[in-house]
Amino acid sequence: MVEVIVTWLAALATLGIYSILYKENPIYRFFEHLFIGLGLGWTIFEVWKDVLQPKWWTPMVVEGKWYWIFAFIIGSLYYFIFSPRFAWMARLVISTLMGLSAGLVFKVTAAIYIPQIEASFRPITFHPSIARGINNLLSTIILLCVILYFLFTVSHEKQPLAGASKLGRWFIMLGLGAMFGSTVMARLSLFIDRLTFLLHDWLKVIKF
Amino acid sequence: MRIFHPVKDPTLLTVYIVASLVGSFLVLALMHKFLSMRAKGRFITALTFLAGFFYSLEFFLPAKNGKNFLTPWVEPVGDALAVIGAFAFPLGLISLAVVHWGNIRRRREGWYFSLFLFIAMLAMALSAFLNHYAHLSLAKKIYSCLFDGLYIPLGVAMMSTLAFYIVSAAYRAFRVTNVDAILMMGAAIIVMLGQIPFGMWLTSWLPMQGIVSSLRIENVSNWFMTIVNMSVQRAIGFGLAVGGIAMALRVWFSLERGMQMGGK
Amino acid sequence: MEWLIQLRQIKRQWIYLSLAVLVSIPLFFKIRLPFFVGPQAKGLYEAVKDLPEDKVVLLAMDWGAATKGESMWQAQAIIEHLFKEKKPFVILGYDIQGPQLSEELAEKLAKKYGRNYGEDWFNVGFITGGLPLLLRMAKNFQATFKQDSVKRKPLSTFPVARRIKDINDIGLIIDITGSGTYGDWITIQTTYKVPLAVACTAVITPDLYPFLDSKQLIGMLSGLKGAAEYEALIKGSHRKTTLKMMMSQSMAHLLIIILIVLANIGLYIERRRRRSG
């Protein structure tokens, strides 16, 4: 019985959201506000259940690690952002956390991009495979031209930088086209999934 | 240090917690009263700088058996950051509540939608807590209806409307008027056709093996993605990485506007 | 010729209706078109098949309801393959919803393959703490996660959890993501050299090709197409469904291409008319 109610609710919610495609209407606004409210309520529960209770409340109250109260004190400084007089306390926390995150960037960048730099150096030989040689040469040219396009320290008015920069822009256009093609598939997949739910799970007019 | 050992006695625990709260309040009050705006700014800058040292030193300092003196602190700092971040969540809640409560109080147009928002929030939170902690079967049913029947489908449906918008936007905005647009369109068509069975059907008459097989749309699309797109994305990634490091350094040294208090 | 110029001004509601109708057609009628599996999906498939007996797979479910249309099908196919091949796995995730939604998938598939929670898989749930937590997990898995998220029991209760002491016991990490969370997993891969594959939404697929080229990733599933490819490889329960959905994709993509062509024809004629008159 609950499954049937859940399916019908899901279908009505989906159609309610799709009503915006015709024009703005109260049904859509109702479901929109419902979604925000449900999201907030669920997040309150999840933040307590998966973060605050196991990582703060239990260690502090059950295990006796009293020093976790400082996490609460530091966290509550955020709320002073609402007061112009005491806002510096909120900035204290925000800036410190931003500093911590900034320190992490070096490790992450090194781990992600050092192998990328290594992989950029490709052998440009046509033996044993001509195709591989052409691909390596093309990759290297594309990489250099696109990097040059973003190099704003030097002027791009004179050759050879002007030509390389123009080529770089054209290659970026190719990359953007690829991103567009991929994005189209991603967005359409979400709709196809919803349509499948409506026709198969709700109306049961199609079978797989 | 013994003072940081776990405390089992509830009274002593309460005393420590209350003392910490009072002590912190006093320190902050004294800082607020006696430090000038400039001094507060300098204090924030110094703290930011020290904080930035933690992860960067832990990465750069030589390690013995994979550890240096900062490594044991990575775990508790990570946990503390997660908890502090969780305490920041109600900030968004407060902002939303202020806006929607204002709508209800002033009976602005559509105020009843704001009322639905609060009802939904309370219903979801209550049913989730009762389901999880009290194991009430009615709460479980209501939670299932709200979560599986409304919250998840609403989220999916909202994102899926993007499919319609992208089709409409492509139709209205994609104008092939110059070389850049031609290149972008060409790349998009190759990638799109290479992904779908219809595109694969168009070139299915070509052999599967041999040099001519490279002209099959799925192979052309794969070559395009693994050579052309890969190189472009890598170059863009390098640019982003350099920019990211520059930005991180600016944040670390508090060179960004808005990170200063009372100074320039 | 006037009608060609008018093709530039089709009302958006008609476009939306056309999309909905065209996408539905393959769901009602069987359309047989060829579908080939790419090398990236094969890479992931081979990695799962060749996983050593003593290793566990780590599934990072970093997706939520917003990307369910792609990520759920990918997660389903991967979990089914792991059950089929009897490869133990652990579920965790940066997204609050991912591990919960995946657990529902795993429980449904476990019934079909006779697999048991705790012996064949377990779920750590939503994790916070970002990269520092992952680095801690890599050094000491048992100390990082006190209990599982389903039965709320200590990890030592579960046979498969007892096998994981640190990152050396993980034979493969598969990150199923709808956003940029793969960065942390790539950091783990570079630091500990554990094989990593990503099943991502099609939006971020182009960003991942450099990592495939540098061998930081050994395989990739791209959106719904990747899910359909994987279902075809494993001969999964949902291969017909995902293939039908790919046929719907075909119709939608064709519609977009036709609309863009029509709009540009209209634009070209209008411009020519302006130049001549």
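Protein chains in written order, with the working numbering: chain C, 1 to 208; chain U, 1001 to 1264; chain Y, 2001 to 2277.
All C-beta atoms in this analysis are idealised placements derived from N, C-alpha and C, irrespective of residue type, glycine included.
Here the structure is a predicted model, which means the values were calculated and not measured.
- When Cβ-Cβ separations below 8 Å define contact, Y/Lys2244 makes contact with chain C.
- For Y/Asp2207 against U/Gln1233, the beta-carbon gap comes to about 6 Å, under 8 Å, which counts as contact.
- By the C-beta density criterion, Y/His2081 is buried, having at least 16 other C-beta atoms within 10 angstroms.
- Sixteen is the threshold: when 16 or more other Cβ atoms of the shown chains lie within 10 Å of the Cβ of U/Val1083, as they do, the residue is buried.
- Residue range 2121 to 2126 is occupied by the beta strand (DSSP E) that includes Y/Phe2126, with no alpha helix (DSSP H) assigned at that position.
- Within the same chain, Cβ atoms closer than 6 Å to the Cβ of Y/Glu2231 are found at Ala2077, His2238, Arg2239, Thr2242, the five residues on either side in sequence being excluded.
- When C/Met185, C/Met179, C/Thr183, C/Ala186 are compared, the shortest CA-CA separation from U/Leu1183 is found for C/Met179.
- Distances from the CA of U/Phe1059 to each of U/Phe1113, U/Leu1021, U/Thr1071, U/Phe1049 were compared; the closest alpha carbon is that of U/Thr1071.
- The residues Ile1182, Met1185, in chain order, have a CB closer than 6 Å to that of U/Val1176 in the same chain once the five nearest residues on each side in sequence are set aside.
- Residue pairing by DSSP places Y/Asp2175 opposite Y/Ala2060, Y/Val2198 in a beta bridge.
- Proximity of chain Y to C/Arg194 at the Cβ level (cut-off 8 Å) is accounted for by Gly2069, in chain order.
- By the rule that beta-carbons nearer than 8 Å mark a contact, U/Met1159 touches chain Y.
- Contacts with chain U (Cβ-Cβ distance below 8 Å) from the region 88 to 107 of chain C involve Trp88, Met89, Arg91, Leu92, Val93, Ser95, Thr96, Leu97, Met98, Gly99, Leu100, Ser101, Ala102, Gly103, Leu104, Val105, Phe106, Lys107, listed in chain order.
- Put simply, the CB of Y/Ser2248 is near chain C, with a gap under 8 Å to one of its CB atoms.
- Residue-level contact check: C/Gly175 touches chain U, since one or more beta carbons of chain U fall below 8 Å from its beta carbon.
- By the beta-carbon neighbour count (other beta carbons within 10 angstroms, threshold 16), Y/Leu2109 is buried.
- Of all alpha-carbon atoms in C/Ile73, C/Val4, C/Glu24, C/Ser101, the one lying nearest the alpha-carbon of U/Ala1051 is that of C/Ser101.
- Under a 10 Å Cβ-count criterion, Y/Arg2136 is classified as buried, with 16 or more other Cβ atoms of the shown protein chains found around its own Cβ.
- For C/Ile206, the neighbours in chain Y by C-beta distance under 8 Å run, in chain order, Leu2027, Phe2028.
- Interface with chain C (8 Å Cβ-Cβ cutoff): Y/Tyr2230 is excluded.
- Proximity of chain U to Y/Lys2225 at the Cβ level (cut-off 7 Å) is accounted for by Gln1195, in chain order.
- Take Y/Pro2159, set aside five residues on each side of it, and the residues of its chain with a beta-carbon closer than 6 Å to its own are Glu2119, in chain order.
- Scanning chain C for C-beta atoms nearer than 8 Å to the C-beta of U/Trp1252 yields Gly99, Ala102, Gly103, reported in chain order.
- For the region 1137 to 1186 of chain U, the full-length alpha helix (DSSP H) segments reaching 4 residues or more read 1137 to 1144, 1152 to 1173 along the chain.
- Proximity of chain C to Y/Pro2206 at the Cβ level (cut-off 8 Å) is accounted for by Gly175, Ala178, Met179, Ser182, in chain order.
- Between Y/Phe2141 and the set Y/Gly2064, Y/Ala2161, Y/Ile2265, the nearest pair of CA atoms involves Y/Ala2161.
- Between the beta-carbon of Y/Met2251 and that of U/Pro1197 there is about 10 Å, and that puts the pair past the 8 Å contact cut.
- Close partners of C/Ser129 in chain Y (Cβ separation under 9 Å) are lacking, with about 16 Å as the shortest Cβ gap.
- A distance of 8 Å or more separates the beta carbons of Y/Asp2054 and Y/Ile2176.
- Under the three-state reduction of DSSP, Y/Met2220 is assigned to strand.
- With a cut-off of 8 Å on Cβ pairs, the region 2031 to 2043 of chain Y is in contact with the region 2219 to 2227 of chain Y, counting three or more such pairs.
- Its chain contains Met2247 as the residues whose beta carbon lies nearer than 7 Å to that of Y/Ile2031, once the 5 sequence neighbours on both sides are disregarded; these appear in chain order.
- In the three-state DSSP reduction, Y/Gln2074 falls in the helix class (H, G or I).
- Secondary structure of U/Gln1209 (DSSP, three-state): coil.
- Bounds of the alpha helix (DSSP H) holding U/Leu1057 are 1037 to 1060.
- Counting only the Cα atoms, C/Gln159 lies some 16 Å from C/Phe150.
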